[in-house]
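Each remark here refers to the structure printed beneath this line.
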Amino acid sequence: MPDSIQMEDTGHQEAGKIVEDMGSSAGSCSGSWHSGHASHNQIGGVQVGEGSAATETLLLQIRSELKAFKLSQEKANRWAEAQLSLINSNMQQMSTRVKEVKHWVSDLENGGSHMEASILRYQAELTDLQIQVDDAENRSHRSNLRFTGITEGRETGGY
């Protein structure tokens, strides 16, 4: 979470001290804290009760702290939602890209299979052509036989 979202601690410390004072001095309340006569109660040496200035100040301070906390949490939530939105967007882009790559790989695999079939067909055709060339060459040599060392009748004058 960015530093700008962190809450200021000064008000929280003061509210914490007030709550501690209330808890530690609850047993030392003067007046009738539990009897319903709130106008005679003191907490930590401060007169509290309905309508007292200290109570109103404390309530305003607590309300202010709650509002600050709420705003801080709303800001943190907006930041988190923005981050989630960014992550979702990136995931959608990645998903689209993966689908494209899968399609390309499939096309390459199909193309490779077709190439293998073509290569095998061309190899068979090449073998047939080599056989035909050898046969044609052998046939052409049959009519061109040359015998050397054998004399014909005219050359020697005798036969």
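All letters in the sequence shown, in the order written, are residues 2 to 160 by my numbering.
Glycine included, each C-beta is placed from N, C-alpha and C at the ideal position.
Chain C within 8 Å of residue 68, Cβ atoms only: Here there is only one protein chain, and chain C is not present.
Residue 98 - DSSP class collapsed to helix/strand/coil: Three-state result, residue 98: helix.
Assigned secondary structure, residue 79 (DSSP; H/G/I helix, E/B strand, else coil): DSSP places residue 79 in the helix class (H, G or I) of the three-state scheme.
Contacting residues, own chain, Cβ-Cβ under 6 Å from residue 117 (five flanking each side not counted): There are no such residues.
Local conformation of residue 70 per DSSP, three classes: Looking at residue 70 - three-state DSSP - the assignment turns out to be helix.
Spatial distance of residue 132 from residue 151 (CA atoms): Linking residue 132 to residue 151 through their CA atoms gives a straight-line distance of about 34 Å.
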